[in-house]
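Enquirer: Numbering (the numbering used here), first residue to last: 8 to 340. The beta-carbon is built from N, C-alpha and C at its ideal position, and this holds for glycine as well. A quick note: this is a predicted structure, and the numbers were derived from the prediction, not measured. Once you've had a glance at the structure underneath, I'll fire off some questions.
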């Protein structure tokens with residue numbers, strides 16, 4: 008019984024974890040790209056990594072928290088411009104190849120020795136070097152606080168303050184996306200997703216709208232990278248292809264082209280992922296399965312199950328939990 012309660016507590020903790028919020032933010036940005044505009048971006052991790060690096064490097068250089076956050080936003084904007092200007096004429100799988108390649112370039116540049124003085128190379132940037140300005144903003148008193156079965160320090164990396172800030176950012180971005188997607192601008196994006204030639208025939212500059220969507224979604228992804236780094240560190244290999252893969256799973260699970268879908272998808276995905284991993288570890292430790300399944304195997308099996316889940320979603324419910332199949336299907340050209 009105690010083991011069962013421990014597993015449930017860890018699963019509950021994952022629901023409100025800063026990492027869950029960071030993936031929700033990244034998926035919201037990806038939703039602007041794919042769900043509303045039909046841009047098949049497979050490199051959202053690149054925006055997240057650039058945002059984290061921009062924030063971390065600016066903070067280490069002495070910038071206040073909000074100035075460093077603006078640097079992260081500028082990094083996401085610049086990357087979107089550099090990526091979008093030559094590639095937004097591409098469609099479907101061609102754009103996917105370009106975006107995933109661009110994200111890999113960012114990761115390899117980050118881990119190279121060329122810019123190691125700024126990026127920390129393969130080791131990345133340690134959290135203690137860039138978190139002090141964020142911790143200084145905390146209005147919470149020193150000490151620890153327990154809410155139900157969950158107990159954390161009030162201020163620090165793994166703290167209530169980090170969780171409050173992360174989910175506060177999610178709420179603000181959700182409000183922003185809800186407002187812009189209900190506007191005429193948002194309706195044009197949906198039109199581009201369905202038939203960009205028809206939108207072009209109405210006199211709209213499709214290229215300009217795509218660029219705006221790419222920049223906005225990229226900036227939101229960069230902010231997601233900052234939130235992801237706040238409780239951890241900035242490591243290029245931790246923000247690579249797997250991160251983009253998880254972000255897509257979160258988006259498709261919750262429902263593309265929906266406002267709250269990415270948040271619901273992130274919470275369900277990471278809670279289920281934690282439940283599966285802790286449950287499997289408990290089974291291997293307390294039964295004879297430990298002879299066949301090691302801790303490493305648990306992680307590998309978890310990754311395989313995530314892949315299977317994504318395949319099943321695409322095949323049987325491409326619209327996700329909250330999505331509308333009539334509005335969105337995998338027909339991006």
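Would you give the residue range spanned by the alpha helix (DSSP H) that residue 241 belongs to?
Expert: Looking at the DSSP string, residue 241 is not in any alpha helix (DSSP H), and its letter there is neither H nor E.
Enquirer: In chain order, what residues of the same chain have a beta carbon less than 6 Å from the beta carbon of residue 46, not counting five sequence neighbours either side?
Expert: Cβ within range, chain order: 40.
Enquirer: Which residues bound the alpha helix (DSSP H) around residue 171?
Expert: Unbroken alpha helix (DSSP H) run through residue 171: 167-188.
Enquirer: With a threshold of 6 Å, establish whether the CB of residue 152 neighbours any heavy atom of the ligand ATP.
Expert: The ligand ATP is absent from the structure shown, which contains no ligand whatsoever.
Enquirer: For a test of the three-state rule: what should DSSP assign to residue 34, helix, strand or coil?
Expert: Three-state result, residue 34: helix.
Enquirer: Let me know the secondary structure DSSP gives residue 160 once reduced to three states.
Expert: Residue 160 falls in the strand class under three-state DSSP.
Enquirer: Nearest-angstrom Cα distance between residue 106 and residue 96?
Expert: Rounded to the nearest angstrom, the two C-alpha atoms are 13 Å apart.
Enquirer: Restricting to Cα atoms, I'd like to know which of 52, 161 and 264 is closest to residue 146.
Expert: Nearest option by C-alpha distance: 161.
Enquirer: Can you grab the Cα-Cα spacing for the pair residue 61 / residue 9, in whole Å?
Expert: So the two alpha carbons sit approximately 44 Å from each other.
Enquirer: With a floor of 4 residues, list each alpha helix (DSSP H) that falls wholly inside the stretch 8-74, ordered by position along the chain.
Expert: Whole alpha helix (DSSP H) segments, 4+ residues: 9-22, 25-37 and 51-67.
Enquirer: For residue 336, is the classification buried or exposed, using 16 other Cβ atoms within 10 angstroms of its Cβ as the cut-off for buried?
Expert: Bear in mind that the predicted position of residue 336 carries a pLDDT of just 47, short of 50, making it unreliable; the figure below should be weighed with that in mind. So residue 336 counts as exposed.
Enquirer: Just tell me which of 140, 51 and 203 has its CA closest to the CA of residue 71.
Expert: That would be 140, whose Cα lies nearest to the Cα of residue 71.
Enquirer: Going by beta carbon distance, what residues of the same chain come within less than 6 Å of residue 103, once the five residues before and after it are set aside?
Expert: So the list reads 47 and 49, once near-sequence residues are dropped.
Enquirer: Secondary structure at residue 328, three-state DSSP: helix, strand or coil?
Expert: Coil at residue 328, not helix or strand.
Enquirer: Take the Cβ of residue 306 as the centre, count every other Cβ of all protein chains shown within 10 Å, and call the residue buried at 16 or more, exposed below.
Expert: Classification for residue 306: exposed.
Enquirer: In whole angstroms, give me the CA-to-CA distance for residue 166 and residue 159.
Expert: Roughly 5 Å separates the two Cα atoms.
Enquirer: Going by the CB atoms, is the gap between residue 114 and residue 129 shorter than 7 Å?
Expert: Contact: no.
Enquirer: In its own chain, which residues sit with a C-beta less than 8 Å from the C-beta of residue 284, not counting the 5 before and 5 after it?
Expert: Excluding positions up to five away in sequence, the list reads 305, 306 and 309.
Enquirer: Nearest to residue 65 by CA position, among 75, 56 and 153, is which residue?
Expert: Answer by Cα proximity: 75.
Enquirer: Which residue's Cα is closest to the Cα of residue 3: 261, 232, 313 and 213?
Expert: Shown here, the chain extends from 8 to 340; a query on residue 3 therefore has no answer.
Enquirer: Comparing alpha-carbon positions, which option in 168, 137 and 133 lies nearest residue 144?
Expert: When each option's Cα is compared against that of residue 144, the closest is 168.
Enquirer: Run through DSSP, which three-state label would residue 152 get?
Expert: Strand.
Enquirer: Using a Cβ-Cβ cut-off of 8 Å (strictly less than) and excluding sequence neighbours within five positions of residue 82, which residues of its own chain qualify?
Expert: Excluding residues within five positions, the ones whose Cβ falls inside 8 Å are 57, 58, 60, 61 and 229.
Enquirer: On the DSSP bridge assignment, give the partners of residue 132 in chain order.
Expert: According to DSSP, residue 132 bridges with 241.
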